[in-house]
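The working numbering numbers the first residue of the sequence shown as 16 and each following residue consecutively.
Quick reminder that beta carbons are idealized off the backbone N, C-alpha and C, glycines included.
Predicted model, so just to flag it, every value in this text is computed and none were measured.
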Amino acid sequence: MTTQQQDGSWSEPGPQQDWQQHYPPHTEQHQQGYGGQEAYEQQQTYGDQHAYGYQQQPYAGQQQSPQQSNPAQHYYARPRTGDSDVEYYVPEYTVVEPEPEPEPEPGYVLPDVPVSAWSVDNSRSAWISRGALVLILLVQAGLSFRLDGSAFPQEAKFLMSDGELSGLVSQLGLAGARALSLAWALGATALLFGATRLLFNARAGLAAAAMYSVLESTAFTGRYASLHSLSLFLLAAALWLLARTRQASPAAVLLAAPFAALAPFAAYAAALYLPTLTVLAVLTAYRFRGAGAFGRGALFAAATGALCFAGVQLAGTPSGWNVQSTDSAFELLKESAQWGGVVLLVAVIGAVGFIRRARMGEMPWAEGSAPGAIRRSLLGLTMCATALLAPLYQAWLGNGSSLYVHVGFGLLFAVPMAGLGVSRMMGAHFRYPQIGIMIYVAALVIGMAQTRELYRPPDSAAMIGALREVVDTKGEYLTDDPEISAYYLRAHTKPDQWHQAERGPALAAAVKKGSYDVIVLRADSVPEALHGNANYRLLALLRPSDKDGGQEPYRIWVKR
Numbered sequence: 016m017t018t019q020q021q022d023g024s025w026s027e028p029g030p031q032q033d034w035q036q037h038y039p040p041h042t043e044q045h046q047q048g049y050g051g052q053e054a055y056e057q058q059q060t061y062g063d064q065h066a067y068g069y070q071q072q073p074y075a076g077q078q079q080s081p082q083q084s085n086p087a088q089h090y091y092a093r094p095r096t097g098d099s100d101v102e103y104y105v106p107e108y109t110v111v112e113p114e115p116e117p118e119p120e121p122g123y124v125l126p127d128v129p130v131s132a133w134s135v136d137n138s139r140s141a142w143i144s145r146g147a148l149v150l151i152l153l154v155q156a157g158l159s160f161r162l163d164g165s166a167f168p169q170e171a172k173f174l175m176s177d178g179e180l181s182g183l184v185s186q187l188g189l190a191g192a193r194a195l196s197l198a199w200a201l202g203a204t205a206l207l208f209g210a211t212r213l214l215f216n217a218r219a220g221l222a223a224a225a226m227y228s229v230l231e232s233t234a235f236t237g238r239y240a241s242l243h244s245l246s247l248f249l250l251a252a253a254l255w256l257l258a259r260t261r262q263a264s265p266a267a268v269l270l271a272a273p274f275a276a277l278a279p280f281a282a283y284a285a286a287l288y289l290p291t292l293t294v295l296a297v298l299t300a301y302r303f304r305g306a307g308a309f310g311r312g313a314l315f316a317a318a319t320g321a322l323c324f325a326g327v328q329l330a331g332t333p334s335g336w337n338v339q340s341t342d343s344a345f346e347l348l349k350e351s352a353q354w355g356g357v358v359l360l361v362a363v364i365g366a367v368g369f370i371r372r373a374r375m376g377e378m379p380w381a382e383g384s385a386p387g388a389i390r391r392s393l394l395g396l397t398m399c400a401t402a403l404l405a406p407l408y409q410a411w412l413g414n415g416s417s418l419y420v421h422v423g424f425g426l427l428f429a430v431p432m433a434g435l436g437v438s439r440m441m442g443a444h445f446r447y448p449q450i451g452i453m454i455y456v457a458a459l460v461i462g463m464a465q466t467r468e469l470y471r472p473p474d475s476a477a478m479i480g481a482l483r484e485v486v487d488t489k490g491e492y493l494t495d496d497p498e499i500s501a502y503y504l505r506a507h508t509k510p511d512q513w514h515q516a517e518r519g520p521a522l523a524a525a526v527k528k529g530s531y532d533v534i535v536l537r538a539d540s541v542p543e544a545l546h547g548n549a550n551y552r553l554l555a556l557l558r559p560s561d562k563d564g565g566q567e568p569y570r571i572w573v574k575r
């Protein structure tokens with residue numbers, strides 16, 4: 016029967032349990048008694064539904080079987096007044112879901128990156144590294160070529176000395192000697208890249224070469240006519256050969272011994288770094304030979320020592336290596352920190368990162384065992400501590416002579432670790448390239464400023480032009496720069512005609528004696544010995560062209 020609300024409206028029937036409380040279900044025996052009637056009612060209901068789409072609800076006393084709902088069918092009910100036995104009209108329909116629209120095709124498809132793209136030693140990466148190295152060397156050459164001027168006293172002395180090598184170089188002249196120094200400096204940078212690549216990887220090698228190429232000492236020696244750049248080249252060659260022969264027979268280390276032994280005879284400061292090379296001979300091979308690497312180091316030390324002893328017997332002990340002076344040790348250490356502090360700091364960062372982790376992890380498939388923590392610690396400590404040898408030694412002597420050049424000898428060994436530090440700070444696959452760029456730019460700016468400040472040769476062009484008119488091969492000449500005058504006036508005079516000027520009583524005695532035909536001094540004021548002297552007249556007062564250079568003017572007196 017139908018259910019009617021109090022207000023007379025129609026509604027859906029209540030839950031099944033509500034009407035089952037008033038009309039409990041029949042038993043099976045009861046249902047069998049009315050089997051014929053039920054069959055007849057079902058046939059009638061089926062016929063009505065089939066014909067008209069009606070669905071007849073069961074009577075109140077019948078058991079209602081639950082029906083499984085079809086998610087594709089939805090039923091709506093509304094009252095029907097024509098038939099009192101059927102309460103609702105339930106239309107049956109099927110909802111057809113629309114087919115999904117195809118996704119639009121992408122504008123481009125990124126290709127799969129091959130594994131070889133991250134390999135280290137394939138031909139493509141090798142050529143890329145060489146191209147980057149050429150650019151680094153061009154920057155180094157540009158930084159050196161921007162320095163110009165007349166000869167330094169030490170350059171003139173080197174070109175006028177009687178040594179066989181210096182005599183050969185002197186045939187090239189000042190410009191030729193400076194060009195040869197630049198070639199040796201560029202070769203040292205290239206060998207440094209090769210050694211760092213063998214010890215670590217190509218990226219660390221490029222970073223090391225980039226930082227070394229913009230150092231003050233590197234740019235200075237590349238434009239300085241002396242054997243300092245040759246000594247650096249020999250040390251770099253020895254370092255490269257030690258790294259190159261680390262997996263070869265221990266006897267292969269003998270290839271590096273001649274280069275290491277010749278370096279101190281080119282520049283005495285290189286003798287400080289022979290122990291470092293000996294330690295590196297052991298550390299570079301310990302990973303592959305174990306305790307046998309100590310025999311390799313002993314063989315290198317013995318061969319190098321024997322060659323140095325033979326060199327001393329033939330050419331004598333290099334001069335200048337133990338000259339003491341009165342320079343302040345604190346000032347020397349402070350200046351050394353200014354010239355190489357940035358590189359040393361980055362080298363320490365690289366050493367710490369190398370000790371903590373042998374590989375950066377950008378190539379998980381890299382094969383081979385990594386070096387142990389002890390070996391990594393010793394390698395980082397050796398390379399970083401080597402940068403302190405020249406500053407500490409010359410501070411102990413109190414002698415700051417050429418310290419701005421000697422600092423570069425120690426940095427040659429510390430820069431590989433600095434290159435590794437830059438590589439680690441940039442991260443795997445150049446994740447933070449801006450860090451490497453900032454370090455390089457900072458080193459470049461500092462190096463350019465320091466080189467311009469230190470590379471100030473005497474402005475002697477005007478002085479030489481004035482002296483050319485008053486000198487000959489018979490006179491005796493007193494000057495503050497006898498080497499410069501002897502070099503530039505070698506066609507008009509002999510080297511032994513030029514004498515070093517002094518101050519105080521020695522100058523007064525020389526002026527009073529009148530034994531010199533020309534006196535050339537660099538002084539802001541006229542010395543007392545020459546003030547109003549009747550034996551000499553002032554020929555010229557020549558001020559330097561660079562007024563901010565801090566150089567004193569030349570004053571030339573000639574004998575009456």
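- For L257, the enclosing alpha helix (DSSP H) begins and ends at 243-259.
- Beta-bridge pairing by DSSP links A555 to I571.
- The residues A405, H421, F424, in chain order, have a CB closer than 7 Å to that of A284 in the same chain once the five nearest residues on each side in sequence are set aside.
- Restricting attention to G202, I499, L545, R218, the CA atom closest to the CA of W572 is found in L545.
- When the beta-carbon positions are compared, A410 and L329 stay at least 7 Å from each other.
- Comparing alpha-carbon positions, the option among V541, P510, P431, D532 lying closest to S228 turns out to be P431.
- Distances from the alpha-carbon of D561 to those of R518, R467, Y551 put R467 closest.
- If you check the CB distance, A258 and T299 come in under 7 Å.
- The Cβ atoms of S185 and A476 do not sit closer than 7 Å to each other.
- Taking the Cβ atoms as the reference, A240 lies roughly 6 Å from F173, within the contact range of under 8 Å.
- In the DSSP assignment, W336 falls outside any beta strand (DSSP E) and carries neither an H nor an E.
- For R391, the enclosing alpha helix (DSSP H) stretches over residues 388-401.
- Taken through DSSP and simplified to helix, strand or coil, R518 comes out as coil.
- In the structure shown, R505 falls within a coil segment according to DSSP collapsed to helix, strand and coil.
- The stretch 260-268 makes no contact with the stretch 234-251, as fewer than three CB pairs between them are under 8 Å.
- Taking 7 Å as the cut-off, the Cβ atoms of F208 and A224 count as close.
- In the structure shown, Y283 adopts helical secondary structure according to DSSP, grouped into three states.
- Relative to D487, the option among L201, P542, Q512, M478 whose CA is nearest is Q512.
- Y408 carries a helical assignment under DSSP once its states are collapsed to helix, strand and coil.
- Exposed is the label assigned to L153, since fewer than 16 other Cβ atoms lie within 10 Å of its Cβ.
- Residue pairing from DSSP leaves I461 without any beta-bridge partner.
- Per the DSSP secondary-structure output, I534 pairs in a beta bridge with L493, W572.
- The beta carbon of I450 sits closer than 7 Å to the beta carbons of M440, M441 from its chain, once the five residues preceding and following it are set aside; these are given in chain order.
- For V361, the enclosing alpha helix (DSSP H) begins and ends at 344-371.
- With fewer than 16 other beta carbons inside 10 angstroms of its own, E116 counts as exposed.
- Between the C-alpha atoms of K509 and L435 there is a straight-line separation of about 53 Å.
- The beta-bridge partner set that DSSP reports for W513 consists of Y492.
- In the DSSP assignment, P431 falls within the alpha helix (DSSP H) that extends over 418-441.
- For A516, the closest of Y502, A506, P497 by C-alpha to C-alpha distance is P497.
- One thing to note: A203 has its Cβ no nearer than 7 Å to the Cβ of F167.
- DSSP assignment within the stretch 195-249 yields the following whole alpha helix (DSSP H) runs of 4 residues or more, N-terminal first: 217-228, 231-236.
- E170 counts as buried, since at least 16 other C-beta atoms from the protein chains shown sit within 10 angstroms of its C-beta.
- Between the stretch 301-310 and the stretch 349-363, the count of C-beta pairs closer than 8 Å stays below three; the two stretches do not touch.
- Per DSSP, reduced to three states, the secondary structure at R161 is coil, with no helix or strand assignment.
- Y447 counts as exposed, since fewer than 16 other C-beta atoms from the protein chains shown sit within 10 angstroms of its C-beta.
- If you check the CB distance, A266 and L289 do not come in under 7 Å.
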